[in-house]
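In terms of our numbering, the sequence shown is numbered consecutively and its last residue is 836.
Only one structure is covered here, and it is reproduced in the block below.
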Amino acid sequence: MGIQRTRRALQRVALGCIASLSLAAVTHAATLPAGFTETRVASGIASPTSMAVAPDGRIFVTQQTGALRVIRDGVLLSQPFVTLSTNTLGERGLLGVALDPNFATTPYVYLYYTSPTAPPRVNRVVRFTASASNPDVADASSALQLIELSALSTAYIHNGGALAFGADGKLYIATGDNSNSANAQSLETTHGKLLRINPDGSIPEDNPFLGQTTGVNQAIWARGLRNPYTFAVDPSTGRILVNDVGQDAWEEVNHGIAGANFGWPQTEGFTPGGVAGVRYPVYVYANAGTNCAIVGAAFYRPAASSFPAGYAGRYFFGDYCTGFIRTLAPPGYSAATAFASGVAALVDIDVGPDGSLYYLARGNGGELYRVQYAANSAPSISEQPVSVSVSAGQPATFTVSASGVQPLEYQWLRNGAPISGATQSSYTIQSTTAADNGAQISVTVTNPFGSATSNSATLTVLSNGVPSATISSPVSGTLYRGGQTFAFSGSATDPEDGALPAAAFTWRVDFHHDDHTHPHMPETSGIASGSFTIADRGETSANVFYRLILTVRDSEGLTNTTFVDILPRTSVVTLTSNIPNAQLTLDGVPVTAPHAFTGVEGIVRTIGAVSPQISNGVTYQFGSWSDGGAQTHEITTPTDDTTYTATLQSGGQSALFEDTFESAGGWIRTPGVDTATTGLWQRGDPQPTTQNGVTLQPDSCAGGSANCMITALQAGVNAGVYDIDNGLTSMQSPAIALPSGRTITLSFKYFLAHIDTATSADYFRVRAVGSDGVPVTVFTKTAASSNVGAVWRSPSVNLSRFAGQTITLRFEACDSQSNGGTVIEAGFDDVAVRAD
1 MGIQRTRRAL QRVALGCIAS LSLAAVTHAA TLPAGFTETR VASGIASPTS
51 MAVAPDGRIF VTQQTGALRV IRDGVLLSQP FVTLSTNTLG ERGLLGVALD
101 PNFATTPYVY LYYTSPTAPP RVNRVVRFTA SASNPDVADA SSALQLIELS
151 ALSTAYIHNG GALAFGADGK LYIATGDNSN SANAQSLETT HGKLLRINPD
201 GSIPEDNPFL GQTTGVNQAI WARGLRNPYT FAVDPSTGRI LVNDVGQDAW
251 EEVNHGIAGA NFGWPQTEGF TPGGVAGVRY PVYVYANAGT NCAIVGAAFY
301 RPAASSFPAG YAGRYFFGDY CTGFIRTLAP PGYSAATAFA SGVAALVDID
351 VGPDGSLYYL ARGNGGELYR VQYAANSAPS ISEQPVSVSV SAGQPATFTV
401 SASGVQPLEY QWLRNGAPIS GATQSSYTIQ STTAADNGAQ ISVTVTNPFG
451 SATSNSATLT VLSNGVPSAT ISSPVSGTLY RGGQTFAFSG SATDPEDGAL
501 PAAAFTWRVD FHHDDHTHPH MPETSGIASG SFTIADRGET SANVFYRLIL
551 TVRDSEGLTN TTFVDILPRT SVVTLTSNIP NAQLTLDGVP VTAPHAFTGV
601 EGIVRTIGAV SPQISNGVTY QFGSWSDGGA QTHEITTPTD DTTYTATLQS
651 GGQSALFEDT FESAGGWIRT PGVDTATTGL WQRGDPQPTT QNGVTLQPDS
701 CAGGSANCMI TALQAGVNAG VYDIDNGLTS MQSPAIALPS GRTITLSFKY
751 FLAHIDTATS ADYFRVRAVG SDGVPVTVFT KTAASSNVGA VWRSPSVNLS
801 RFAGQTITLR FEACDSQSNG GTVIEAGFDD VAVRAD
């Protein structure tokens, strides 16, 4: 479902795995700060994945299996708003929901889900309209597919799935890398991205990669994400914070901006630092111990605030496995404060119009809780004890969840009378007898400000025996390879019912990684036999196994559960090269040769060789792999220990000059050339400007980095104050020596933005000055009488005519109008000169 971490605990989830995690039925209230209480709004929401709160207080909750449920006035309605046919293997399914910004008058509901059939299997975003006669259900004829994303591989993890509207009225879509980390950087796939579309599914004309992409990939707004299961938009400022589920070390909160590159797989958290073009997170936390997957995203900006003033603008998020909720405070959102703990499998967080905080959890069969602030109040029963049916001799346990000002004290009651020693949040009768049948069990919870007594739960003691379940095949300890299909079968008997029919059987397969699980085959009832296929892509760790679980139920409702574990076959794979310390990649992540790992046989991996790369001052190009594969190609983890060798050859392309402007690199304003009075080139982090609805200067450099060359760095409030005026500004590079007899290529990134008073005499250009001292224009982009926003573009220029010379480059921008009558802004970044 959506949170997968590929090498650690996220498999712990299904955003790493939020799908139907196999979790113990632990019932307890979250621990909240003083003055806060919680109430369970709804339960029995099987496999919930996300939610959205409507302006009228209704809550829309997605279930992985395809149903969108509505909670109205604290009641989970029996009829879904809509039910989609979807594929639910692993983390796939119905994953995200968003409501139209004008939902009260335009009742559109947007959903993100996995198509049910293949090929190709894809994730889609579809829109439904609420029925005019019953707003709690969709108009059956209103379905409109807005976008169909890149085809999915056989990996069932890292789907992302969150949806939210930005302050600009555009729909933003978070997508996972489909368990292929190389996807995150590629502009040829929608995987591993934050996408941006118009509400009708069309592509906005100011998307940052429009000129570098085609088709659905033009929706890409930011890249370099692993599995962004949740994100949120601040309704007051428009700020976007994106949670990205990490792999080995760090969970991230990223500031979402147009064109940003969040670094995966080159970086995770702040490591390694200094990678050019990467926009590093605003906050990270380690996924060590029980932490595993960052989930839930909400800014506290309700229409009517009910929390203390210090919570205004805070960003709420949590962890799926540990079950905490924390907040980040504006303006930097860089330091976390604890808010809650003890949530059973948290998946989402939202804020209601009345100022209440809601959290959605998969634990205990799927629950939704409401958190309110009420200082100095009596306890609140957030989850009532439930009635229990057991066979005579079995234990019976009753549990209550309560919240309120600490300390909380408990006293359990039987038929209204106190039970000696029963003073904890749960009460257990270790061995029930016929005399216990019909007992009414309740509890009183007390704090310094009062008390609350729960509803009574009924204990039913049955005379019949517990059924017995047996898994016939496969046997426990059977070994598996990726892609292998297993048939399963079982039988069950009951002391009173005899042999139980297939209708009494429920099967499930969980995938275990480290000390966490995520679902593989969802609960399937009504069969005594079947089959399932082991995934051949996805989690790459070797400390994994599959658990086949069978639960049988007799005619009186008593159950028995058994399981068998299916264990992996493993082998050692070594990646090496013919040169020392060669830079290779494994699943897109840099590694240094020789690099050995233990993998599960049959699992598909991706290996690559960096080309070109420099070793001991010599430039090497990729030559070949020992298995005959391409520079980057997939391998299937073999049945025997195997070595793959990359052969690298000296020669090929070499870097002659590179500057990302992250530090001062010797550029100067071209002597005697500047004529402009404002908007002269400056190195730094740009400030955004807009005019007539057009973004004239972006709020970040190319790829989201911190420094570049900008003509209006101190942009101010008025877009027309610091732009280029009254002439030309020119910036000159250091001297660059070009070899002879080689093909020389200049690459760079730039933007030219202007309003509709511009003319073709306004321009951005690049000039090269060779040994004769004469500037030669090698690239020009002229303006026109139209509104053109700031979009970073990536041209390439052949400089071979200057081979054998030492040159300087001049980057120039011009406002031709002497009265400053138009607005011209420009920038350039990531300049590189290479020789082939």
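Every residue, glycine too, gets a C-beta built ideally from N, C-alpha and C.
Reference residue i, options the options, closest by Cα
i: Ala784; options: Ala758, Arg793, Ser796, Gly263; result: Ala758
i: Asp627; options: Val618, Thr642, Asp756; result: Thr642
i: Arg72; options: Thr37, Phe128, Pro119, Pro135; result: Pro135
i: Phe511; options: Arg547, Thr49, Tyr112; result: Arg547
i: Ala222; options: Pro638, Gly703, Asp772, Thr337; result: Gly703
i: Phe36; options: Val405, Asn543, Ala664, Val769; result: Val405
i: Val823; options: Val721, Asp674, Val572; result: Val721
i: Ala469; options: Leu746, Phe751, Thr493; result: Thr493
i: Ser50; options: Gly160, Ala104, Leu746; result: Gly160
i: Gly96; options: Pro119, Pro107, Pro120, Arg127; result: Arg127
i: Leu656; options: Pro568, Leu746, Gly770; result: Leu746
i: Arg279; options: Gly273, Thr213, Ala260; result: Ala260
i: Thr267; options: Thr213, Arg226, Asp674; result: Arg226
i: Ser307; options: Thr598, Ser615, Asp354, Gly238; result: Sequence inspection shows Phe at residue 307; the Ser mentioned does not correspond to that position. The residue with the shortest Cα to Cα distance from Phe307 is Asp354.
i: Asn560; options: Met521, Ser541, Ser491; result: Ser491
i: Ser816; options: Asp725, Thr743, Pro775; result: Asp725
i: Arg834; options: Asp762, Thr619, Gln682, Pro671; result: Thr619
i: Pro795; options: Phe209, Thr458, Asp762, Ser529; result: Phe209
i: Phe597; options: Pro590, Asn581, Ala542; result: Ala542
Whole-angstrom distance between residue j and residue i, CA atom to CA atom
i: Gln697; j: Thr689; result: 5 Å
i: Ala164; j: Ala396; result: 44 Å
i: Ser403; j: His518; result: 29 Å
i: Arg765; j: Arg669; result: 15 Å
i: Leu357; j: Val371; result: 5 Å
i: Phe748; j: Pro739; result: 20 Å
i: Ala104; j: Gly169; result: 15 Å
i: Pro116; j: Val572; result: 36 Å
i: Gln621; j: Thr647; result: 9 Å
i: Pro48; j: Thr677; result: 59 Å
i: Pro379; j: Gly421; result: 21 Å
i: Pro686; j: Ala118; result: 45 Å
i: Val788; j: Val694; result: 7 Å
i: Pro281; j: Asp554; result: 53 Å
i: Gly684; j: Val216; result: 33 Å
i: Ala184; j: Asp640; result: 31 Å
i: Thr423; j: Gln384; result: 16 Å
i: Thr189; j: Gln218; result: 10 Å
Residue i - partner residues in DSSP beta bridges
i: Asp815; result: Gly727
i: Lys749; result: Asp829
i: Leu163; result: Ile173
i: Asp350; result: Tyr358
i: Gln247; result: None; Gln247 has no bridge partner.
i: His518; result: Phe511
i: Pro698; result: Looking at the DSSP assignment, Pro698 forms no beta bridge with any residue, so it has no partner.
Cβ-heavy atom distance, residue i to the ligand PLP, below 7 Å
i: Tyr156; result: Questions concerning the ligand PLP fall outside what the structure shown contains, since it holds no ligand whatsoever.
Own chain, CB closer than 8 Å to residue i, minus 5 neighbours either side, in chain order
i: Trp414; result: Correcting the residue type first, residue 414 is Arg in the shown sequence and not Trp. So the qualifying residues of the chain are Ala439, Gln440, Ile441.
i: Gly482; result: Ile534, Ala535, Asp536, Arg537, Val600, Glu601, Gly602, Ile603, Val604, Thr636, Thr637
i: Val122; result: Thr114, Ser115, Glu148, Leu149, Ser150, Ala151, Leu152
i: Thr632; result: Ala182, Thr585, Thr606, Ile607, Gly608, Ala609
i: Ala335; result: Tyr283, Leu328, Ala329
Own chain partners of residue i with C-beta closer than 7 Å, once the 5 adjacent residues on each side are dropped
i: Ala297; result: Thr230, Phe231, Ala232, Leu241, Asn243, Phe317, Ile349
i: Phe802; result: Leu738, Ile744, Ala768, Gly770
Residues of its chain near residue i, where Cβ-Cβ distance is below 6 Å and the 5 sequence neighbours each way are ignored
i: Leu23; result: For Leu23, the pLDDT reaches just 27, beneath the cut-off of 50, and the residue's location in the model is therefore unreliable, although a value from the coordinates is still provided. So the list reads Ala345, Gly363, once near-sequence residues are dropped.
i: Leu752; result: Phe764, Lys781, Ala826
i: Thr533; result: Thr485
i: Ala499; result: Thr493
Any 3 or more C-beta pairs closer than 8 Å across the segment 314–331 and the segment 285–293: yes
Segment contact flag, the segment 387–394 with the segment 362–371, C-beta cutoff 8 Å, min 3 pairs: no
Three Cβ pairs or more, each shorter than 8 Å: is that satisfied between the segment 723–742 and the segment 807–815? yes
Specify whether the segment 536–555 and the segment 496–512 touch according to this definition: at least 3 beta carbon pairs, one from each stretch, less than 8 Å apart. yes
With a cut-off of 8 Å, do at least 3 Cβ pairs link the segment 138–145 to the segment 173–187? no
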